[in-house]
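Here's the structure we're looking at; comments come further down.
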Amino acid sequence: MTGGVAATGDGAARRAIRRERMAQLRRNKAFLAGAVILAFWLVAAALGRWIVPIDPEFTDLEFTSLPPSGRFWFGTDPLGRDVFARVIVGSRQILVMSFSATIIGTVVGVALGLLAGYFKGWFDIALMRLLEAVSAIPVIVIALLAIASLGGASVTLTVLIIGFVFAPIIARTVRAAVLGEAELDYVAAARLRTEGTPHIIFREILPNVTAPIIVEFTVRLGYAIFAVATLSFLGAGVEPGSPNWGSQVAENWQMIFSGEWWSTAAPAGAIATLAVSVNLIADGLLEAFES
Amino acid sequence: MLRYFLKRLGLSLVTVLIVATVVFFMMRILPGDAARRILGKGTTEEQLVALREQLGLNRPLVVQFWDWITSTLRGDLGQSLQYSSDVGELLFPAIGYSARLAALAFVLIVPISVTGGVVAALNRGKAIDRVITVGGLSAAVIPEFVWAVTFVLVFGVTLEWFPVTAFPDDPAAGFLDYVWHLLLPSIALLLVLFGYIARIARAGVIEALESDYMRTAVLKGMTRRAAIWRHVMRNAMLPTIAVIAGQIPYLVGGLVAVEVVFNYPGFGTVLLTAVGGRDYPMLQAGVLITSSVIVGFQLLADMLFAMLNPRIRTAVAE
């Protein structure tokens, strides 16, 4: 996937490839749209409370279940809270959780994949068995099980579970890439120079398998958003009452039967835009790296 | 072929055994006492002793594990902690309901997604191709519950085209009535899987279209349409079967959220109730059955793949 030139470890050639990829991404409209939407939510997550006009936790019982208006852009929920403020502020938890879970999964997965691909043998076999077992249970079910057995839903637990489930999946991608690289001349050359194994794995091979790792990270981030939102909706991912889009949908969706659609549509739409934006970015990266 | 089958079967059993082991020890990994976690604070010592006795928690772990495995193999899934009845009695009807929903979803997903992929491939690079590939994958990353809630809002409450529960009120309702009620939840499940399957089908068709045997077929005078039916479809379907099997865990995972929204008494609802009630025997059995079903389907897909693919068929026969 990284191509023959990069495999020689030639710095200038590698930079040329990177420039070409960046140029291709800048021409990709879907990728740019995804990047803009994600940037919007990242700003919302970072600045949240300072940019919303109304305190998202402020309950005003005089203004319950009001439809969208100039004063309440996305209306108010049955407790009289401003839906717009809650959606903006709610971006923080889902983004922090999804990114943390994906980072944990990627770090552990890359380490496992490098070791499995380089050493092969029993470690590789054990990892692949573990992967089969993990992929035989839906993530949602694993998370529900863990939450029940470890005592209650918490943000940390949810993040760790998603990271744990992702690790072997990411490891498989990295392993496949490493299997291809380990046969190449530059690895043999490093061995002849009597470089240590850690040096070969992390300094020689790792830089050459970054492309599949970046793509896999983005794809996994999309799945993490999916999983965090779903678990929060099921009341299993976060503490009840968290300012989280999934929890907001769970709290309010029954209201759509009495005509109050805005308190559900706003957080549901927010989840959709965030998930789609990450997917468009992943898609663009995949296209750029594969050509 | 038989040897290949036995080998795959053995590996599947190993996978299920790993799942069973992980599930069993996960329930007991925490320091302290499972009985106390189940009953909560402020319970008397007698209650704890009684529950430990009931669950067999006062015996060594290995004995407990062995007991659980052997009684599960005999079909005895234990007693539910929440309801005073057999886990099997509660779980199997629920799984039956989920199976109906999943079956309908599956019947819709496979032909629609494959057709989408073929249409995209035959119109490669055109607008319809972009819509199917980018649109399909964008739909796939939006969680099922978002789709489900949106459908209830748009097609159930606003337009009133579809019922908002997955079950007919009338117990004597006919088959078509059941299908009608299950249609919206099935479409929510469909949208999450369409993109992946369509993309693989598209890639398979494109690869086959560009192949040498396709060129030979056209050069020897076969019409394009006949060549596509005879050569392309068969070769393009092989990778698609593998991907469809790989999506089954996602389909099962999606059931949980969709069942909640459509108020459907399936396995997802039971599992969620079991989580809330700390019903460990129910959870253990539920997860074990889920993973066995998933592994079973993957085995089935592998077999189908091997039978349809002459290269594997002959390699296996040797």
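Just so you know, the protein sequences line up as chains A and B, in that order. Take the position in the first sequence, starting the count at 1, then add 18; the result is the number in the numbering used here. Take the position in the second sequence, starting the count at 1, then add 273; the result is the number in the numbering used here. For glycine and all other residues, C-beta sits at the position ideal for the given N, C-alpha and C. Because the structure is a prediction, the values reported are computed rather than measured.
Boundaries (first-last residue) of the alpha helix (DSSP H) holding residue i
i                     : result
residue 344 (chain B) : 334-346
residue 234 (chain A) : 228-251
residue 529 (chain B) : 506-534
residue 195 (chain A) : 173-200
residue 266 (chain A) : 263-270
residue 409 (chain B) : 409-413
residue 214 (chain A) : Careful: residue 214 (chain A) lies outside any alpha helix (DSSP H) and carries neither H nor E.
residue 224 (chain A) : Run containing residue 224 (chain A): none; DSSP gives neither H nor E here.
residue 282 (chain B) : 275-299
residue 554 (chain B) : 553-581
residue 58 (chain A)  : 47-69
residue 548 (chain B) : 540-549
residue 145 (chain A) : 139-152
residue 280 (chain A) : 280-308
residue 420 (chain B) : 417-424
residue 402 (chain B) : 400-403
residue 18 (chain A)  : Given that chain A is displayed from residue 19 to residue 309, the structure contains no residue 18 (chain A) and the question cannot be resolved.
residue 497 (chain B) : 497-500
Interface flag, residue i vs chain A, CB-CB below 8 Å
i                     : result
residue 551 (chain B) : yes
residue 281 (chain B) : no
residue 548 (chain B) : yes
residue 356 (chain B) : no
residue 418 (chain B) : yes
residue 410 (chain B) : yes
residue 423 (chain B) : yes
residue 576 (chain B) : no
residue 522 (chain B) : yes
residue 388 (chain B) : no
residue 487 (chain B) : no
residue 476 (chain B) : no
residue 299 (chain B) : yes
Test item: CB-CB of residue i and residue j under 8 Å
i                     : j                     : result
residue 421 (chain B) : residue 405 (chain B) : no
residue 95 (chain A)  : residue 281 (chain A) : yes
residue 133 (chain A) : residue 223 (chain A) : no
residue 179 (chain A) : residue 164 (chain A) : yes
residue 334 (chain B) : residue 551 (chain B) : no
residue 298 (chain A) : residue 129 (chain A) : no
residue 382 (chain B) : residue 448 (chain B) : no
residue 111 (chain A) : residue 262 (chain A) : yes
residue 177 (chain A) : residue 115 (chain A) : yes
residue 191 (chain A) : residue 225 (chain A) : no
residue 524 (chain B) : residue 578 (chain B) : no
residue 109 (chain A) : residue 288 (chain A) : yes
residue 477 (chain B) : residue 159 (chain A) : no
residue 548 (chain B) : residue 119 (chain A) : no
Identity of the residues DSSP links to residue i by a beta bridge
i                     : result
residue 317 (chain B) : None; residue 317 (chain B) has no bridge partner.
residue 352 (chain B) : B:359
residue 450 (chain B) : Paired residue(s): none; residue 450 (chain B) is not in a bridge.
residue 100 (chain A) : A:94
Neighbour flag for residue i against chain B, beta carbons, 8 Å
i                     : result
residue 305 (chain A) : no
residue 297 (chain A) : yes
residue 230 (chain A) : no
residue 49 (chain A)  : no
residue 236 (chain A) : no
residue 240 (chain A) : yes
residue 302 (chain A) : no
residue 174 (chain A) : no
residue 186 (chain A) : no
residue 210 (chain A) : no
residue 150 (chain A) : yes
residue 140 (chain A) : no
residue 58 (chain A)  : no
Can you give, in chain order, each stretch of the alpha helix (DSSP H) that sits fully within the stretch 428-494 of chain B and has at least 4 residues? Positions of the alpha helix (DSSP H) runs, each at least 4 residues long and wholly inside the stretch 428-494 of chain B, are given as 448-482, 485-492 in order along the chain.
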